Amino acid sequence: MKKLIVFDLDGTLAESKSAIDDEMVKILNALINVTRVAIISGGDWPQFEKQVLSYLAKDKQLKNLSILPTCGTKFYEYNGDWKKLYAEDFTVNEKKKIISSLNAAVEEQGFKPEKTWGEQIEDRGSQITYSALGQEAPLAAKREWDPGFTKRKKIQKALSITIPQFSVNLGGTTSVDITKPGIDKAYGIKKLRDILNIKKKEMIFIGDAIFPGGNDYPAKETGITSISVKDPNETKRVIEGIIACLDKKGRYDNGF
Numbered sequence: 502m503k504k505l506i507v508f509d510l511d512g513t514l515a516e517s518k519s520a521i522d523d524e525m526v527k528i529l530n531a532l533i534n535v536t537r538v539a540i541i542s543g544g545d546w547p548q549f550e551k552q553v554l555s556y557l558a559k560d561k562q563l564k565n566l567s568i569l570p571t572c573g574t575k576f577y578e579y580n581g582d583w584k585k586l587y588a589e590d591f592t593v594n595e596k597k598k599i600i601s602s603l604n605a606a607v608e609e610q611g612f613k614p615e616k617t618w619g620e621q622i623e624d625r626g627s628q629i630t631y632s633a634l635g636q637e638a639p640l641a642a643k644r645e646w647d648p649g650f651t652k653r654k655k656i657q658k659a660l661s662i663t664i665p666q667f668s669v670n671l672g673g674t675t676s677v678d679i680t681k682p683g684i685d686k687a688y689g690i691k692k693l694r695d696i697l698n699i700k701k702k703e704m705i706f707i708g709d710a711i712f713p714g715g716n717d718y719p720a721k722e723t724g725i726t727s728i729s730v731k732d733p734n735e736t737k738r739v740i741e742g743i744i745a746c747l748d749k750k751g752r753y754d755n756g757f
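One point on numbering: in the numbering used here, the residue at position 81 of the sequence shown is 582, and numbering is uninterrupted.
Structure representation (structure tokens):
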């Protein structure tokens with residue numbers, strides 16, 4: 502029996518850096534009522550608050566929800582309030598090396614966009630994230646920039662040569678995420694296993710970047726059951742199916 506459902510955030514539960522919609526709020530609340538849920542994303546804690554947590558029901562069932570920002574390099578659990586259990590932060594020198602290497606790789610590949618919205622490189626403590634069009638870029642522009650991951654795969658390849666001591670993964674619509682070696686969504690899955698005492702065979706992972714080089718792929722490589730989705734609407738249908746299997750009391754009603 503599955504005891505934990507693990508989600509990616511951007512492209513899976515919500516559009517890039519957008520809030521979950523009303524239907525997803527209802528479906529997620531229903532899922533949290535019947536089983537344990539975790540969300541692992543490249544975004545930092547404030548992004549989770551903005552996109553998900555401020556919309557969920559503020560009740561005791563939040564104890565069933567675990568939050569793992571920056572690809573699992575941080576872990577939060579709820580006990581009347583949110584508490585951080587750990588954070589795998591970079592040193593000052595590591596951050597300098599990563600940022601200089603990122604800038605060099607982007608310039609070398611010739612992928613500097615004509616227009617950006619906000620900062621392109623964000624220091625998230627335990628993760629450095631490059632957003633090609635900036636942190637505040639509109640979704641339409643982001644979707645057009647690298648829909649097939651071609652540009653970012655070239656940046657990733659360049660970084661694998663200049664900073665091989667770090668993990669480099671692709672996520673979202675324009676992002677490249679860099680963490681300490683071996684610390685990615687697979688690391689997060691293992692932390693969930695150890696902290697929640699739930700075996701990998703009792704988990705399901707759902708994400709939109711489950712392919713080699715995608716930031717969801719390390720989760721699949723742990724061997725847990727993985728479901729690839731193309732967008733949040735497909736995720737909703739998957740969740741409804743899971744609830745139908747798990748909720749023996751028939752408490753869930755999607756209102757349709």
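The beta carbon of each residue, even a glycine, is placed where N, CA and C say it ideally should be.
Please read these numbers as outputs of a predicted model, since none were measured by experiment.
Straight-line gap, residue i to residue j (C-alpha atoms, nearest Å)
{"i": "Gly-756", "j": "Lys-701", "result": "Reliability of the predicted coordinates at Gly-756 is poor, the pLDDT of 43 falling under 50, and no value is obtained from them."}
{"i": "Asp-560", "j": "Gln-621", "result": "37 angstroms"}
{"i": "Ala-659", "j": "Gly-581", "result": "45 angstroms"}
{"i": "Gly-672", "j": "Asp-748", "result": "32 angstroms"}
{"i": "Ile-472", "j": "Glu-550", "result": "The chain is shown only over 502 to 757; residue 472 falls outside these bounds and no answer can be derived."}
{"i": "Thr-736", "j": "Ser-601", "result": "37 angstroms"}
{"i": "Ile-740", "j": "Val-507", "result": "11 angstroms"}
{"i": "Leu-557", "j": "Leu-697", "result": "21 angstroms"}
{"i": "Gly-683", "j": "Phe-667", "result": "8 angstroms"}
{"i": "Arg-738", "j": "Val-593", "result": "44 angstroms"}
{"i": "Ser-567", "j": "Glu-637", "result": "26 angstroms"}
{"i": "Phe-612", "j": "Ala-633", "result": "8 angstroms"}
{"i": "Ala-641", "j": "Asp-647", "result": "11 angstroms"}
{"i": "Lys-501", "j": "Phe-591", "result": "Absent from the model: residue 501. The displayed extent of the chain is 502 to 757, so no value can be given."}
{"i": "Val-535", "j": "Ser-555", "result": "20 angstroms"}
{"i": "Arg-752", "j": "Ala-531", "result": "Low confidence applies here, because Arg-752 scores a pLDDT of 47, under 50, leaving its location unreliable and the question unanswered by this model."}
{"i": "Asp-522", "j": "Tyr-579", "result": "23 angstroms"}
{"i": "Lys-654", "j": "Asn-565", "result": "36 angstroms"}
Neighbourhood of residue i by C-beta, 7 angstroms cutoff - its chain only, sequence neighbours within 5 removed
{"i": "Gln-628", "result": "Gly-543, Thr-571, Cys-572, Thr-574, Asp-678, Ile-679, Thr-680"}
{"i": "Val-669", "result": "Gln-657, Leu-660, Ser-661, Val-677, Ile-679"}
{"i": "Arg-694", "result": "Lys-700, Lys-701"}
Helix, strand or coil at residue i according to DSSP, with G and I counted as helix
{"i": "Ile-743", "result": "helix"}
{"i": "Leu-554", "result": "helix"}
{"i": "Ile-568", "result": "strand"}
{"i": "Ser-602", "result": "helix"}
{"i": "Ile-693", "result": "It should be noted that the sequence gives Leu, not Ile, for residue 693. In the structure shown, Leu-693 sits in a helix (DSSP, three-state: H, G or I)."}
{"i": "Trp-546", "result": "helix"}
Sub-8 angstroms separation of residue i and residue j beta-carbons
{"i": "Gln-548", "j": "Lys-518", "result": "yes"}
{"i": "Gly-626", "j": "Ala-588", "result": "yes"}
{"i": "Ala-539", "j": "Leu-569", "result": "yes"}
{"i": "Leu-510", "j": "Arg-537", "result": "no"}
{"i": "Lys-721", "j": "Ile-711", "result": "yes"}
Neighbourhood of residue i by C-beta distance below 6 angstroms, restricted to the same chain and skipping five residues each side
{"i": "Gly-512", "result": "Asp-709"}
Any 3 or more C-beta pairs closer than 8 angstroms across the stretch 727 to 739 and the stretch 505 to 520: yes
Contact the stretch 594 to 614 vs the stretch 709 to 727: 3+ CB pairs below 8 angstroms: no
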